[in-house]
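Trainee: In my numbering, the protein residues as written are 6 to 169.
Even glycine gets a Cβ: it sits at the ideal position worked out from N, Cα and C.
These numbers come from a predicted model, not from an experiment.
I'd like to ask some things about the structure below.
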Amino acid sequence: MFTVTIQNKSYSVEKADDSIQVNGKAIDWDLQWISDRKVHLIVENKSLEAELISIEKDSKTIQIRLGNKTSTLQLKDRFDVLSEQMGMSSNSSQMLKEIKAPMPGLILDLKVKPGDDVKKGEVVLILEAMKMENIIKSPGDGVVKVVKVSLHQSVEKNQVLIQF
6 MFTVTIQNKS YSVEKADDSI QVNGKAIDWD LQWISDRKVH LIVENKSLEA
56 ELISIEKDSK TIQIRLGNKT STLQLKDRFD VLSEQMGMSS NSSQMLKEIK
106 APMPGLILDL KVKPGDDVKK GEVVLILEAM KMENIIKSPG DGVVKVVKVS
156 LHQSVEKNQV LIQF
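Below, the structure is given as C-alpha coordinates:
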(Lines of atoms letter the chains of each structure in order from A; the text may use other names.)
(Lines give C-alpha, C1' and ligand atoms only; values in the text may rest on other atoms or scores of the structure.)
Protein backbone atom coordinates (compact mmCIF):
# COMPACT_ATOMS: atom_id res chain seq x y z
CA MET A 6 0.00 0.00 0.00
CA PHE A 7 1.11 3.54 -0.68
CA THR A 8 -0.30 7.04 -0.80
CA VAL A 9 -0.25 9.34 -3.82
CA THR A 10 -0.85 13.07 -3.39
CA ILE A 11 -1.87 15.12 -6.43
CA GLN A 12 -2.78 18.81 -6.08
CA ASN A 13 -3.12 18.51 -2.27
CA LYS A 14 -5.52 15.56 -2.53
CA SER A 15 -4.31 12.18 -1.23
CA TYR A 16 -5.29 8.77 -2.55
CA SER A 17 -4.65 5.39 -0.95
CA VAL A 18 -3.41 2.95 -3.62
CA GLU A 19 -3.16 -0.79 -3.12
CA LYS A 20 -2.25 -3.57 -5.52
CA ALA A 21 -4.27 -6.71 -4.87
CA ASP A 22 -3.67 -9.71 -7.15
CA ASP A 23 -4.15 -8.37 -10.69
CA SER A 24 -6.12 -5.28 -9.74
CA ILE A 25 -5.42 -1.83 -8.39
CA GLN A 26 -7.59 -0.29 -5.69
CA VAL A 27 -7.78 3.46 -5.15
CA ASN A 28 -9.39 4.49 -1.86
CA GLY A 29 -10.79 0.96 -1.56
CA LYS A 30 -12.42 0.99 -5.02
CA ALA A 31 -11.15 -1.40 -7.70
CA ILE A 32 -10.09 0.43 -10.87
CA ASP A 33 -10.73 -1.26 -14.19
CA TRP A 34 -7.85 -0.23 -16.43
CA ASP A 35 -5.69 -1.37 -19.29
CA LEU A 36 -2.11 -0.19 -19.62
CA GLN A 37 0.16 -0.48 -22.65
CA TRP A 38 3.75 0.80 -22.68
CA ILE A 39 4.51 2.94 -25.75
CA SER A 40 8.13 3.69 -24.80
CA ASP A 41 10.25 3.66 -21.65
CA ARG A 42 8.60 6.94 -20.53
CA LYS A 43 5.14 6.77 -22.11
CA VAL A 44 2.09 4.62 -21.45
CA HIS A 45 -1.33 4.41 -22.99
CA LEU A 46 -4.15 3.92 -20.47
CA ILE A 47 -7.77 3.01 -20.85
CA VAL A 48 -9.62 3.82 -17.62
CA GLU A 49 -13.41 3.60 -17.38
CA ASN A 50 -13.68 3.63 -21.19
CA LYS A 51 -11.50 6.76 -21.45
CA SER A 52 -8.28 6.70 -23.44
CA LEU A 53 -5.32 8.60 -21.94
CA GLU A 54 -1.65 8.95 -22.71
CA ALA A 55 0.77 9.56 -19.84
CA GLU A 56 4.42 10.55 -20.05
CA LEU A 57 6.96 10.47 -17.25
CA ILE A 58 8.79 13.80 -17.21
CA SER A 59 11.01 13.47 -14.14
CA ILE A 60 11.64 11.43 -10.99
CA GLU A 61 13.09 12.86 -7.78
CA LYS A 62 14.04 9.82 -5.72
CA ASP A 63 15.03 11.70 -2.55
CA SER A 64 11.69 13.45 -2.17
CA LYS A 65 9.72 10.59 -3.81
CA THR A 66 8.06 12.90 -6.31
CA ILE A 67 7.40 12.30 -9.96
CA GLN A 68 6.24 14.70 -12.62
CA ILE A 69 3.97 13.37 -15.35
CA ARG A 70 2.14 14.76 -18.33
CA LEU A 71 -1.37 13.36 -18.67
CA GLY A 72 -2.87 14.52 -21.92
CA ASN A 73 -1.85 18.19 -22.07
CA LYS A 74 -1.68 18.68 -18.27
CA THR A 75 1.49 18.37 -16.19
CA SER A 76 1.12 17.16 -12.61
CA THR A 77 3.45 16.46 -9.73
CA LEU A 78 2.75 13.35 -7.67
CA GLN A 79 4.09 12.86 -4.14
CA LEU A 80 4.47 9.17 -3.30
CA LYS A 81 4.56 7.72 0.22
CA ASP A 82 5.00 4.05 0.99
CA ARG A 83 3.76 2.42 4.20
CA PHE A 84 7.03 3.28 5.97
CA ASP A 85 6.68 6.98 5.11
CA VAL A 86 3.12 6.93 6.47
CA LEU A 87 4.33 5.17 9.64
CA SER A 88 7.10 7.75 10.08
CA GLU A 89 4.56 10.57 9.82
CA GLN A 90 2.33 8.88 12.38
CA MET A 91 5.33 8.73 14.72
CA GLY A 92 6.00 12.45 14.30
CA MET A 93 8.99 11.98 12.01
CA SER A 94 7.50 13.69 8.95
CA SER A 95 9.29 16.30 6.88
CA ASN A 96 6.90 18.92 8.29
CA SER A 97 8.47 18.40 11.70
CA SER A 98 12.04 18.72 10.41
CA GLN A 99 12.42 22.22 11.87
CA MET A 100 11.66 20.82 15.33
CA LEU A 101 13.81 17.69 15.14
CA LYS A 102 14.28 16.50 18.71
CA GLU A 103 14.54 12.73 18.57
CA ILE A 104 14.29 9.63 16.43
CA LYS A 105 12.25 6.72 17.79
CA ALA A 106 12.31 3.08 16.75
CA PRO A 107 9.55 2.47 14.20
CA MET A 108 9.40 -1.20 15.27
CA PRO A 109 11.09 -3.58 17.71
CA GLY A 110 14.48 -4.82 16.53
CA LEU A 111 18.23 -5.03 16.95
CA ILE A 112 20.72 -2.21 16.29
CA LEU A 113 23.09 -3.50 13.58
CA ASP A 114 25.02 -0.31 12.84
CA LEU A 115 25.29 3.22 14.20
CA LYS A 116 26.28 5.84 11.65
CA VAL A 117 26.37 8.87 13.98
CA LYS A 118 27.83 9.90 17.34
CA PRO A 119 27.21 12.85 19.67
CA GLY A 120 28.28 16.13 18.08
CA ASP A 121 27.72 14.98 14.48
CA ASP A 122 25.86 17.29 12.11
CA VAL A 123 23.08 15.33 10.43
CA LYS A 124 21.27 16.39 7.25
CA LYS A 125 17.74 15.41 6.28
CA GLY A 126 17.72 11.98 4.63
CA GLU A 127 21.13 10.96 6.01
CA VAL A 128 21.37 7.39 7.33
CA VAL A 129 21.73 7.44 11.13
CA LEU A 130 21.46 3.73 11.95
CA ILE A 131 20.47 0.31 10.68
CA LEU A 132 17.80 -1.63 12.58
CA GLU A 133 17.22 -5.34 12.02
CA ALA A 134 13.59 -6.32 12.39
CA MET A 135 11.95 -9.55 11.23
CA LYS A 136 15.23 -10.63 9.58
CA MET A 137 15.28 -7.48 7.43
CA GLU A 138 17.71 -4.57 7.62
CA ASN A 139 15.85 -1.27 7.92
CA ILE A 140 17.76 1.90 7.15
CA ILE A 141 16.69 4.66 9.53
CA LYS A 142 17.24 8.13 8.06
CA SER A 143 17.11 11.52 9.70
CA PRO A 144 13.78 13.27 9.06
CA GLY A 145 15.51 16.66 9.27
CA ASP A 146 18.71 18.58 9.90
CA GLY A 147 20.22 18.66 13.37
CA VAL A 148 23.18 18.05 15.66
CA VAL A 149 23.25 14.75 17.55
CA LYS A 150 23.17 15.37 21.31
CA VAL A 151 22.82 11.81 22.60
CA VAL A 152 22.84 8.37 21.02
CA LYS A 153 20.66 6.41 23.46
CA VAL A 154 21.44 2.94 22.03
CA SER A 155 24.50 0.83 21.36
CA LEU A 156 25.49 -1.79 18.79
CA HIS A 157 23.63 -5.11 19.04
CA GLN A 158 21.15 -3.65 21.54
CA SER A 159 17.53 -4.78 21.31
CA VAL A 160 15.03 -1.94 21.12
CA GLU A 161 11.27 -1.69 21.48
CA LYS A 162 8.84 0.16 19.24
CA ASN A 163 8.80 3.93 19.97
CA GLN A 164 11.99 3.72 22.06
CA VAL A 165 14.08 6.89 21.70
CA LEU A 166 17.20 6.04 19.69
CA ILE A 167 18.82 9.42 19.07
CA GLN A 168 18.23 12.87 20.58
CA PHE A 169 19.03 16.18 18.86
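1) Between which two residues does the beta strand (DSSP E) holding residue 74 run?
2) Would residue 43 pass as a contact of residue 56 if the rule is Cβ separation under 9 angstroms?
3) Is the beta carbon of residue 143 sitting closer than 9 angstroms to the one on residue 120?
4) Could you say which of 48, 122, 124 and 117 lies nearest to residue 131 if we only look at CA atoms?
5) What three-state label does DSSP hand residue 85 in the structure shown?
6) Tell me the DSSP secondary structure of residue 154 in three-state form.
7) Looking at C-alpha atoms only, which residue of 79, 145, 51 and 138 is the closest neighbour of residue 60?
8) Do you know offhand how far residue 3's Cα is from residue 14's?
9) Hey, out of 12, 11, 49 and 7, whose CA is closest to residue 18's CA?
10) Taking the alpha-carbon of residue 161 as reference, which of 109, 145 and 135 has the nearest alpha-carbon?
11) Please name the residue or residues paired with residue 161 in a DSSP beta bridge.
12) For residue 107 versus residue 141, is the C-beta spacing smaller than 9 angstroms?
13) May I have the straight-line CA-CA distance separating residue 166 from residue 153, to the nearest angstrom?
Mentor: Let's see:
1) Position 69 of the sequence shown holds residue 74. Per DSSP, the continuous beta strand (DSSP E) segment holding residue 74 begins and ends at 74 to 82.
2) For the purposes of this step, residue 43 is taken as residue 38 along the sequence shown, with counting starting at 1. For the purposes of this step, residue 56 is taken as residue 51 along the sequence shown, with counting starting at 1. Cβ distance < 9 angstroms, so residue 43 and residue 56 count as in contact.
3) To locate residue 143, count along the sequence shown from 1; it is residue 138. To locate residue 120, count along the sequence shown from 1; it is residue 115. Contact: no.
4) Mapped onto the sequence shown, residue 131 falls at position 126. For the residues 48, 122, 124 and 117, the minimum Cα distance to residue 131 belongs to 117.
5) Here residue 85 refers to the residue found at position 80 of the sequence shown. In the structure shown, the three-state DSSP call for residue 85 is helix.
6) Within the sequence shown, numbered from 1, the residue matching residue 154 stands at position 149. Under the three-state reduction of DSSP output, residue 154 falls in the coil class, being neither helix nor strand.
7) Within the sequence shown, numbered from 1, the residue matching residue 60 stands at position 55. Comparing alpha carbon positions, the residue from 79, 145, 51 and 138 closest to residue 60 is 79.
8) Nothing can be reported for residue 3: it is not among the residues displayed for the chain, which extend from 6 to 169.
9) Within the sequence shown, numbered from 1, the residue matching residue 18 stands at position 13. Nearest option by C-alpha distance: 7.
10) For the purposes of this step, residue 161 is taken as the residue at position 156 of the sequence shown. The shortest C-alpha separation from residue 161 is found at 109.
11) Translated into positions along the sequence shown, residue 161 becomes position 156. Bridge partners of residue 161: none, in fact.
12) Counting from one through the sequence shown, the residue named residue 107 turns up at place 102. Counting from one through the sequence shown, the residue named residue 141 turns up at place 136. For the 9 angstroms CB-CB criterion, residue 107 and residue 141 form a contact.
13) Stepping through the sequence shown from its first residue, residue 166 is reached at position 161. Stepping through the sequence shown from its first residue, residue 153 is reached at position 148. Those two C-alpha atoms are separated by around 5 angstroms.
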